[in-house]
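Here is the structure we will look at, set down as structure tokens.
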Amino acid sequence: MTRTLLQLSRRQFLVGGATMAGGFVVGLPLGLGADPTVGNGGTIGFFVEILGNGKVVIGSNQPEIGQGVRTALPMLVAEELDVAWEDVSVRPMPLGIVKTADGYTWKYGGQGVGGSTGLTNNWTYMREVGAMARHQLLRAAAEKFKVSLDDCSTSRGHVFCQSHKRAIPYAELAGAAAALDMPDEAPPLKAIADYRIVGKKQKTVDARDIVTGKATYGIDTQVEGMRYAVIARCPILNGRVRSFDDADARKVNGVLDVFKIDGPMPGEPYIILASGVAVVADSTWSAIKGRRALKIEWEPGPNADDSSTRFWQENEAALETNGQVVTDDGEFDNAMASADKIITHRYRVPFVSHAPLEPQNCFAHVTENHCRIIAPTQMPSGASRAANAVTGIPRENIEVEFTRVGGGFGRRLSNDYVAEAALISKQTGWPIKLQWTREDDMQHDFYRPGGLHELRAGVDADGNVTAWTQRLASASKHYRRPNKPDDGLWEPELYPDDFPRRIVENFRLEYFHNAIGLPRGSWRAPAHTANAFVIQSFIDEIAHETGQDPLQLRLAMFGEERELPYDGHGGPTFNPGRLTRLTKFVAKEINYDRKRPAGTGVGIAAHFTFGGYAAHAIEVTVDKNGELRIDRIVAAIDCGFAVHPQAVQAQLQGGTIDGLSTALGLEITVTDGRVDQSNFHDYPLMRIADVPVEFETHILPYDDIPTGVGEMGIPSAAPALTNAIFAATGRRIRDLPLGAQLKSM
Amino acid sequence: MISLKVNGEKVRFDGDEDTPLLWVLRDHLGLTGTKFGCGIGQCGACTVHFNGRAQRSCMLPVAAAKDATVTTIEALSAGDHQLHPVQQAWLDIDVPQCGYCQAGQIMATADFLKRNPDPSDEDIDRDLSNLCRCGTYVRIREAVHHAARLARKESNDD
Chain A
60 MTRTLLQLSR RQFLVGGATM AGGFVVGLPL GLGADPTVGN GGTIGFFVEI LGNGKVVIGS
120 NQPEIGQGVR TALPMLVAEE LDVAWEDVSV RPMPLGIVKT ADGYTWKYGG QGVGGSTGLT
180 NNWTYMREVG AMARHQLLRA AAEKFKVSLD DCSTSRGHVF CQSHKRAIPY AELAGAAAAL
240 DMPDEAPPLK AIADYRIVGK KQKTVDARDI VTGKATYGID TQVEGMRYAV IARCPILNGR
300 VRSFDDADAR KVNGVLDVFK IDGPMPGEPY IILASGVAVV ADSTWSAIKG RRALKIEWEP
360 GPNADDSSTR FWQENEAALE TNGQVVTDDG EFDNAMASAD KIITHRYRVP FVSHAPLEPQ
420 NCFAHVTENH CRIIAPTQMP SGASRAANAV TGIPRENIEV EFTRVGGGFG RRLSNDYVAE
480 AALISKQTGW PIKLQWTRED DMQHDFYRPG GLHELRAGVD ADGNVTAWTQ RLASASKHYR
540 RPNKPDDGLW EPELYPDDFP RRIVENFRLE YFHNAIGLPR GSWRAPAHTA NAFVIQSFID
600 EIAHETGQDP LQLRLAMFGE ERELPYDGHG GPTFNPGRLT RLTKFVAKEI NYDRKRPAGT
660 GVGIAAHFTF GGYAAHAIEV TVDKNGELRI DRIVAAIDCG FAVHPQAVQA QLQGGTIDGL
720 STALGLEITV TDGRVDQSNF HDYPLMRIAD VPVEFETHIL PYDDIPTGVG EMGIPSAAPA
780 LTNAIFAATG RRIRDLPLGA QLKSM
Chain B
18 MISLKVNGEK VRFDGDEDTP LLWVLRDHLG LTGTKFGCGI GQCGACTVHF NGRAQRSCML
78 PVAAAKDATV TTIEALSAGD HQLHPVQQAW LDIDVPQCGY CQAGQIMATA DFLKRNPDPS
138 DEDIDRDLSN LCRCGTYVRI REAVHHAARL ARKESNDD
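Chains as they are written, first to last, in the working numbering: chain A, 60 to 804; chain B, 18 to 175.
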């Protein structure tokens with residue numbers, strides 16, 4: 060039986076061979092501590108380089124934002140290549156795009172991380188890269204000894220030739236292997252049962268550099284002759300620079316140049332976020348001081364009166380009208396009319412900021428027909444497009460290197476800071492590093508959209524939910540995007556196939572778009588954070604108001620294992636039975652049925668996010684002064700097969716903390732067209748003291764297909780928390796963040 | 018002209034005296050292991066050892082560092098092959114995710130353990146306040162205890 064090359068295209072691999080035909084790295088530096096008796100080494104395709112000393116360098120083609128992809132993907136290659144992980148080092152690769160007759164195509168496979176796809180998009184591809192390199196090494200050995208392929212096998216960086224009873228190191232075969240044509244068939248991939256590296260604890264790539272301060276992020280870029288830039292961006296949403304006086308700024312030591320940056324016109328797609336004034340200097344601090352000395356008069360623009368207060372009032376009013384029905388299953392109106400009981404509640408989910416700890420920055424050097432970009436980005440191809448958009452330099456002449464990233468969370472899917480840096484370099488001709496401050500980052504973000512959700516359920520006399528609707532008034536993140544019709548604005552905000560669609564047959568979703576000048580974008584697990592909160596809260600409310608146990612109602616509705624269609628990202632199917640398993644597990648672990656003292660309670664929630672499943676059980680205590688203490692967290696994830704278990708655990712811990720941190724205290728608000736928050740003093744992320752010592756994370760394996768893990772830990776954390784608060788106090792939190800609400804009990 | 022000692026070497030800075038120590042370290046001395054996170058002393062990514070104590074460097078004007086002794090993450094360990102117990106613990110427990118805050122976390126913890134060689138969880142919660150946006154706190158807590166054990170073992174071996 061032959062298997063086709065699913066993802067590793069023949070052309071991709073041959074481009075590598077062709078490159079090597081000219082610049083083939085034979086005879087790798089023998090002076091570098093290599094054992095010259097071992098072999099000359101060689102580079103097989105784009106990703107695998109065998110050094111003369113037998114060590115292996117594996118290319119990493121994806122942005123590392125803390126999700127562990129720089130470890131997990133090379134693990135896949137090493138597994139199939141059959142080398143020891145201790146012998147592997149990882150080399151970050153730049154963006155690879157190739158011009159074609161009708162645009163551009165990938166050189167090293169698709170590059171970019173978002174939607175928890177970094178691993179899943181490359182799961183087959185990277186294994187095939189490793190397997191193909193191993194296959195070529197086997198073929199090279201077979202040719203060398205004039206034996207059949209079946210006579211050869213591999214183990215830890217060696218080919219064994221059975222009939223000659225000889226082991227040949229890869230380094231001795233790599234040159235010959237690299238020169239071979241690629242076969243038409245993909246070599247077979249290993250069975251999971253045979254894995255030695257994948258699925259097991261491995262040393263994390265870059266960890267030693269991180270703990271010794273040697274790991275470099277975008278912000279650490281230093282290039283000879285580089286200048287430093289900051290921008291004073293208009294603090295008023297959609298406002299613009301009317302005029303500015305730079306006389307004092309230019310007197311600041313080290314300031315070299317000051318000029319205006321045109322922002323997008325209101326309503327236009329964002330290439331950069333705002334109009335402003337750039338200050339270029341010989342150090343970061345001089346640039347910051349120069350910016351402080353600027354006197355700028357702002358043109359207030361159309362959103363100068365925007366306020367959060369008004370936005371939320373408008374959402375309330377909108378829900379009194381009829382919205383756009385985007386999903387309408389069964390006989391919704393009839394089912395609601397014949398329900399024994401109707402339950403309705405509204406929930407508010409605020410705007411929030413990404414706040415990655417490394418503020419935005421970018422190095423750019425634009426010359427006449429060439430541009431070099433070094434950026435912390437989740438989307439290096441977007442960086443290439445951004446630089447092209449502001450310089451006009453063809454993309455094949457734009458080099459993009461992407462560094463380790465000090466946090467992504469979706470913020471760095473946008474490359475507005477790359478466009479800004481390229482603009483400033485183009486204007487000055489200098490290599491420049493643009494630096495954002497924390498205030499810049501918090502006040503100029505693509506925020507998670509805020510929305511007001513109304514949920515209504517019809518319940519029959521036996522407590523079964525027979526009709527369900529979610530009506531959402533929010534500021535869609537798809538506004539100001541090219542080619543997005545108004546009747547599609549709901550698409551990124553409601554995911555129709557989420558639970559409980561098809562479980563409740565009479566099911567309707569309704570959307571109301573509301574305008575506000577805040578830019579919006581993808582915030583880790585985008586609309587799942589809002590929808591899991593409202594849906595999993597509402598299930599609890601239905602249970603309490605119909606005399607049922609919330610855990611039992613949840614389990615009854617999730618039900619048995621079965622595949623339901625799921626058209627959105629994470630599909631094509633959704634198996635609610637996998638939520639049942641996780642929910643039962645966390646409930647048992649936290650001892651759900653135990654009688655607890657007054658003021659203490661347990662909450663449970665579970666959600667399906669982009670293909671992966673997670674559940675939380677959280678125990679809290681609220682004292683008589685309304686002080687909340689999280690006593691215990693049990694989190695469980697079903698990501699199919701865990702390729703890099705430490706990273707899965709880290710994402711589940713970190714995702715849970717992100718979800719709780721956001722639910723407890725974070726909100727972006729607007730007054731007079733300006734963002735009110737500016738730094739961590741008024742955007743209080745969770746600190747270690749807020750995280751309970753009793754915090755368990757569990758990975759429940761399911762099958763041999765890995766799902767992503769970067770976003771699954773967030774959505775069910777917040778509703779588990781607020782369900783626990785209800786269990787402890789009888790107080791239902793429908794308004795996020797929690798803030799001081801419990802103090803007013 | 019400000020003179021100070023950074024990682025055992027005497028350095029002189031002749032720029033503006035209000036320049037925060039952080040930017041002197043990063044832009045002028047090329048010591049980029051110390052990170053910029055907030056600029057207002059809230060996050061701790063810029064933590065260094067200043068005359069032997071953990072100090073956030075983003076708001077400390079270099080003028081205040083005249084004749085001071087500063088140690089950054091690059092010089093926390095005695096040499097390339099011998100990691101500081103806190104660094105070793107961070108590796109053993111696999112603490113970092115994006116890693117951006119970890120130099121500051123490690124510098125804060127190294128100072129904390131000097132003052133409190135056998136801390137309780139409550140001590141950790143009271144003393145360590147650096148932000149980690151990835152949420153590595155569970156492993157940080159574990160690594161602090163582990164580092165304390167490694168440091169005690171090291172001093173017993175001496």
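Ideal Cβ placement from N, Cα and C applies to all residues, glycine included.
Spatial distance of residue i from residue j (CA atoms)
i: residue 766/A; j: residue 695/A; result: 14 Å
i: residue 467/A; j: residue 583/A; result: 8 Å
i: residue 439/A; j: residue 605/A; result: 52 Å
i: residue 93/A; j: residue 116/A; result: With a pLDDT of only 32 at residue 93/A, under the threshold of 50, the placement of this residue in the model should not be trusted, and no figure is reported.
i: residue 174/A; j: residue 669/A; result: 7 Å
i: residue 25/B; j: residue 270/A; result: 20 Å
i: residue 536/A; j: residue 578/A; result: 8 Å
i: residue 81/A; j: residue 272/A; result: Confidence at residue 81/A is low in this model, with a pLDDT of 23, below 50, so the placement of that residue should be treated as unreliable; the coordinate-derived value is given next. Taking the straight line joining both Cα atoms gives about 37 Å.
i: residue 479/A; j: residue 277/A; result: 15 Å
i: residue 328/A; j: residue 802/A; result: 42 Å
i: residue 162/A; j: residue 455/A; result: 10 Å
i: residue 474/A; j: residue 413/A; result: 14 Å
i: residue 157/A; j: residue 443/A; result: 12 Å
i: residue 559/A; j: residue 338/A; result: 53 Å
i: residue 649/A; j: residue 139/B; result: 23 Å
i: residue 457/A; j: residue 632/A; result: 40 Å
i: residue 652/A; j: residue 643/A; result: 12 Å
i: residue 124/B; j: residue 115/B; result: 17 Å
i: residue 374/A; j: residue 730/A; result: 17 Å
i: residue 347/A; j: residue 52/B; result: 16 Å
i: residue 302/A; j: residue 322/A; result: 14 Å
i: residue 160/A; j: residue 453/A; result: 14 Å
Segment limits, alpha helix (DSSP H) that includes residue i
i: residue 233/A; result: 229 to 238
i: residue 829/A; result: Outside the shown range of chain A, which is 60 to 804, sits residue 829/A, and nothing can be said about it.
i: residue 119/B; result: 119 to 132
i: residue 607/A; result: Looking at the DSSP string, residue 607/A is not in any alpha helix (DSSP H), and its letter there is neither H nor E.
i: residue 383/A; result: Per DSSP, residue 383/A belongs to no alpha helix (DSSP H); it is in the beta strand (DSSP E), 383 to 388.
Which residues DSSP lists as bridging residue i, in chain order
i: residue 165/A; result: 156/A
i: residue 355/A; result: 303/A
i: residue 21/B; result: 28/B
i: residue 721/A; result: According to DSSP, residue 721/A bridges with nothing at all.
i: residue 527/A; result: 516/A and 566/A
i: residue 342/A; result: In DSSP, residue 342/A forms no bridge with anything.
i: residue 286/A; result: 491/A
i: residue 664/A; result: 675/A
i: residue 461/A; result: 434/A
Residue interval of the beta strand (DSSP E) (run including residue i)
i: residue 444/A; result: Premise fails: residue 444/A lies in the alpha helix (DSSP H), 439 to 450, not in any beta strand (DSSP E).
i: residue 687/A; result: 687 to 697
i: residue 406/A; result: 400 to 408
Check distances from the C-beta atoms of the segment 111 to 125 of chain B to those of chain A and list, in chain order, the residues that come in under 7 Å. Listed in sequence order: 111, 113, 114, 115, 116, 117, 118, 119, 120 and 123.
When Cβ atoms are compared, which residues of the segment 157 to 170 of chain B fall closer than 7 Å to chain A? Cβ contacts with chain A: 157 and 158.
How about the segment 158 to 168 of chain B and the segment 92 to 110 of chain B: do they share at least three Cβ pairs that are nearer than 8 Å? The answer is yes - the segment 92 to 110 of chain B touches the segment 158 to 168 of chain B, with three or more Cβ pairs under 8 Å.
What residues in the segment 323 to 349 of chain A have a beta carbon less than 7 Å from any beta carbon of chain B? Within the segment 323 to 349 of chain A, the residues whose Cβ lies closer than 7 Å to some Cβ of chain B are 342, 343 and 344, listed in chain order.
Is the segment 484 to 493 of chain A in contact with the segment 195 to 209 of chain A, if contact means three or more CB pairs nearer than 8 Å? Under the Cβ criterion (8 Å, minimum of three pairs), the segment 484 to 493 of chain A does not count as touching the segment 195 to 209 of chain A.
Beta carbons nearer than 9 Å to chain A: which residues of the segment 24 to 38 of chain B have them? Legend: CB atoms of the segment 24 to 38 of chain B lying less than 9 Å from CB atoms of chain A belong to residues 32, 33, 35, 36 and 37.
Is the segment 769 to 787 of chain A in contact with the segment 680 to 698 of chain A, if contact means three or more CB pairs nearer than 8 Å? As far as the Cβ criterion goes, the segment 769 to 787 of chain A touches the segment 680 to 698 of chain A, which means the pair count is three or higher.
Is there contact here, the segment 288 to 302 of chain A with the segment 333 to 348 of chain A, by at least three beta-carbon pairs under 8 Å? The segment 288 to 302 of chain A, when compared against the segment 333 to 348 of chain A, does touch it at the 8 Å Cβ threshold.
According to a CB-to-CB cut-off of less than 8 Å, which residues of the segment 58 to 69 of chain B neighbour chain A? Correct list: 59, 60 and 62.
If contact is defined by three or more beta carbon pairs under 8 Å, each pair taking one atom from either stretch, is the segment 382 to 391 of chain A in contact with the segment 549 to 567 of chain A? With the cut-off at 8 Å, the segment 549 to 567 of chain A and the segment 382 to 391 of chain A touch.
So if I threshold CB-CB distances at 9 Å, which residues from the segment 455 to 468 of chain A count as touching chain B? Answer in chain order: 463, 464, 465, 466, 467 and 468.
For the segment 414 to 446 of chain A, enumerate the residues whose C-beta is nearer than 8 Å to any C-beta of chain B, in chain order. Correct list: 414, 415, 416, 417 and 418.
With three or more C-beta pairs closer than 8 Å as the rule, is the segment 659 to 675 of chain A touching the segment 610 to 623 of chain A? The segment 610 to 623 of chain A makes contact with the segment 659 to 675 of chain A; the number of CB pairs closer than 8 Å reaches 3 or more.
Which residues, taken in chain order from the segment 730 to 746 of chain A, show a beta carbon closer than 7 Å to some beta carbon of chain B? Of all residues in the segment 730 to 746 of chain A, the ones placed with a Cβ closer than 7 Å to any Cβ belonging to chain B are 738, 739, 740, 744 and 746, in chain order.
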